[in-house]
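Residue numbers for the sequence shown, in our numbering: 273 to 595.
The block underneath contains the structure these notes are about, expressed in structure tokens.
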Amino acid sequence: MTRSKGPVVAVDLGGTKYIAAVIGPRGKMLSRVYCPTLSHEGHARIIDRLAASIKEAVKEAGFKLRDMAGMGVAAAGIIDINRGLITEAPNLPKWRNIFLRDLLKDEFKIPVFVLNDASAAALGEHRLGAGRGLDNLIYMTVSTGIGGGMIVNGELYNGTDGSAAEVGHMIIQVDGPLCHCGHYGCLEAMASGTAIARMAEERLRSGWTSILSKSRRKITAEDVAAAAKKGDVLACQVIDDAAGYLGIGMAGLVNLFNPQMIVVGGGVSALGERLLRPARKSMKQHAFKLPAGTVRVVRSALGADSGLMGAAIYARRQAGGKP
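So, in structure tokens, the structure goes:
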């Protein structure tokens, strides 16, 4: 097998977890290694563990590194795709000006391509998921943070440097809570999983009664979601508020780009219609009637694998293979 026709390594590097996988030419996942990011350890240790996971994934798939056509890395943060550089990553503390492409290329001696994780997910959903056959779509990942990716006229839109579609850092409320990026009132600070957990904690401290008050540890978005399924009033209100803010962010995107579809992925999307129904309602209240009537808001079809698939597609295209 020539390298150009071989499988590719795909990596999805986020603030909470990373996944290393080997993906075949037709999009078949041949191996998958999942690990917590442990972002507090700093980039050097994370990259060392990531390298070990990549080697494990290649071995598990039954290949050697020399068989790989290339590597695509979907990374959280503001990415300079021309240099394979993570300039900053709000959910990866102290990750500033990390030349991830060069570090991995030096380690593995294969072509490496780095792009934003949500942009990769947009590409994955467009080629293999919910957006197949569409020309214009926006992907939003709602998880630890909020990110975005855009397909315009059938192609991934990266912008000039590769930092396009950072939808999580649109300002929704100028006097809102502090975001990890250092600004106030970003969509991420109002509607992410982190925001959902924070809002629940704030309401408990202000005297709300809830089954969440029985928790003896720090509340998570998953806790809030579980409480909402049981009909807990505080949890339901928090999710409705977060969904309302998410809808405001969607309305801005709908007015600006008039997409056919908004695909919502990430861990918080597991709420399904409990999140999407009020988000659609909010979007329609704040967007122009024509584009709001056109766009469909759906949950990701590829789930946690959308970024991996997009990274694989991107790497194969950049390395000169078939999309």
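Every residue gets a Cβ at the ideal spot worked out from N, C-alpha and C, and that includes glycine.
Just so we're clear, the structure is a prediction, and the values are computed from it rather than from any experiment.
If you draw a straight line from the Cα of N527 to the Cα of P563, it is about 7 Å long. For the 9 Å CB-CB criterion, V439 and G457 do not form a contact.
When only Cα atoms are considered, I295 and D577 end up about 11 Å apart.
Just so you know, the alpha carbons of I358 and T481 end up roughly 43 Å apart. Within the segment 410-486, the alpha helix (DSSP H) runs of at least 4 residues that lie entirely inside it are, in chain order, 459-463 and 465-477. In the three-state reduction of the DSSP assignment, T359 falls in the strand class, which pools E and B. When Cβ pairs closer than 8 Å are counted between the two stretches, the segment 421-441 is seen not to touch the segment 554-573, the count staying below three. Put simply, of M412, H315 and K381 the residue whose alpha carbon is nearest the alpha carbon of L395 is M412. At the C-beta level, A346 and A393 come within 9 Å of one another.
Annotation: the segment 298-372 contains the following complete segments of the beta strand (DSSP E) (minimum length 3 residues), in chain order: 301-308, 343-347, 350-352, 357-360 and 368-370. In this structure, DSSP gives I491 a state outside helix and strand, which the three-state scheme calls coil.
Taking a C-beta distance under 9 Å as the contact criterion, V280 and A292 do not qualify as a contact pair.
When only Cα atoms are considered, G434 and A583 end up about 14 Å apart. Three or more pairs of CB atoms, one per stretch, sit closer than 8 Å, so the segment 511-525 contacts the segment 545-553. Contact check for K289 against Y306 passes: the beta carbons are separated by less than 9 Å. The residue among G579, G592 and L547 with its C-alpha nearest the C-alpha of R399 is G579.
Distance from the Cα of L547 is smallest, within the candidate group K366, D512 and M301, for D512. CA-CA distance, D504 to G537, rounds to 24 Å. Annotation for L506: R475, W480 and S482 place their beta carbon closer than 6 Å to its own, counting only its chain and skipping 5 residues before and after. The Cβ atoms of V569 and V414 do not sit closer than 9 Å to each other. For A497, the closest alpha carbon among the candidates G524, M581 and I468 is that of I468.
By the neighbour-count criterion, in which a residue is buried when 16 or more other Cβ atoms sit within 10 angstroms of its Cβ, N369 is exposed. If you look at F385, you'll find it in the beta strand (DSSP E) that goes V384 to N388.
Taking 9 Å as the cut-off, the beta carbon of N408 is found no closer than this to the beta carbon of Q590. Under DSSP, D284 forms a beta bridge with I291 and A346.
With fewer than 16 other Cβ atoms from the protein chains shown falling within 10 Å of its own Cβ, T566 counts as exposed. In the assembly as shown, N354 is an exposed residue. Its beta-carbon has fewer than 16 other beta-carbons within 10 Å.
With a 10 Å radius around the Cβ and a threshold of 16 neighbouring Cβ atoms, D320 comes out exposed.
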